[in-house]
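Right, one structure below, let's go through it.
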Amino acid sequence: AERLARAKPEPEEQAGVDAARDEPQPLAVLRARFVDPRGALLVGVYARLEDRFGADPIPEVAQARGASDELGRLQLTLPLPSERRWRRLRLVARLAGHAPLRQEIDLTAGEQDLGDLVLLDAGAITGWVLDEADRPLEGARVVVFAARRRNLADDLGPAWPIDGETLSGWGGNFRTAQY
Numbered sequence: 240a241e242r243l244a245r246a247k248p249e250p251e252e253q254a255g256v257d258a259a260r261d262e263p264q265p266l267a268v269l270r271a272r273f274v275d276p277r278g279a280l281l282v283g284v285y286a287r288l289e290d291r292f293g294a295d296p297i298p299e300v301a302q303a304r305g306a307s308d309e310l311g312r313l314q315l316t317l318p319l320p321s322e323r324r325w326r327r328l329r330l331v332a333r334l335a336g337h338a339p340l341r342q343e344i345d346l347t348a349g350e351q352d353l354g355d356l357v358l359l360d361a362g363a364i365t366g367w368v369l370d371e372a373d374r375p376l377e378g379a380r381v382v383v384f385a386a387r388r389r390n391l392a393d394d395l396g397p398a399w400p401i402d403g404e405t406l407s408g409w410g411g412n413f414r415t416a417q418y
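So the sequence shown is numbered by this note's numbering: it starts at 240 and just counts up by one.
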């Protein structure tokens, strides 16, 4: 009985725990401005945060999303996740006619200005697929990844987020969607 009595927290200790629970969670405020390669402001860029490895984000992160205003500005405000793992995220931004932007970020308490983020103009990728003897291959899978990712063909799989894909057609020709 004496051992159990010592295991109970003292009233002062318990009060400290309760006070810590009542403290407001610090906020992370991300700011950015979206522009095209010529420096023109981009309005309506949809942006969200996601886990860097494709896992479903925790609710605080999943709810941090928005669109840029008439001056290309975006502000995302969210409670700073208590787990360090959820502070290393990826900002994903999309706008029709532009290639998607993916930027790694480390959340910190307070304001973070990401500066001007450039969305490149969209374009399609075209080409043809040939075998070792330079014969066209029909039905070959062509996979598109963001330029900043380094992948080896042997490493491709569900863990790598694919930005687009298509199949080669007659003559080995292929054309991707606009990116």
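The beta-carbon is built from N, C-alpha and C at its ideal position, and this holds for glycine as well.
Keep in mind that this is a model prediction, so the values were computed, not measured.
Where does the unbroken beta strand (DSSP E) through residue i begin, and where does it stop?
i	result
V382	380-383
V274	266-274
A301	That residue, A301, is in no beta strand (DSSP E); its alpha helix (DSSP H) goes 298-301.
E404	403-406
P263	That residue, P263, is in no beta strand (DSSP E); it is neither H nor E in DSSP.
T316	312-318
R323	Neither: R323 is in no beta strand (DSSP E) and is coded neither H nor E.
R414	412-414
Between the options, which lies nearest to residue i when the distance is taken from Cα to Cα?
i	options	result
G349	R341, D355, L317	L317
A271	A301, W409, V357	V357
L330	V284, P375, G408	V284
L269	S307, F292, P263	S307
D345	G366, A294, L319, L334	L319
R323	L334, L340, R312, V300	V300
W367	W325, R414, R333	R414
P276	V383, A372, L359	L359
V381	A338, A372, V274, D402	D402
V274	L328, R312, G362, A372	R312
So the alpha helix (DSSP H) residue i belongs to, where does it begin and stop?
i	result
P375	Segment: none, P375 is in no alpha helix (DSSP H) and carries neither H nor E.
What are the partner residues of residue i, as DSSP defines its beta bridges?
i	result
D290	L328
G305	A286
Can you tell me whether residue i is buried or exposed? The criterion is at least 16 other CB atoms within 10 Å of its CB, across all chains shown.
i	result
A244	Here A244 scores only 49 on pLDDT, less than 50, and its place in the model is too uncertain to base an answer on.
L315	buried
N412	exposed
E289	buried
S321	exposed
A279	exposed
L310	exposed
L406	exposed
F292	exposed
L281	buried
A294	exposed
(message) Report the start-end ranges of each beta strand (DSSP E) in the stretch 327-379 that is 3 residues or longer and not cut off at the edges.
(response) 327-333, 340-345, 349-357, 365-367
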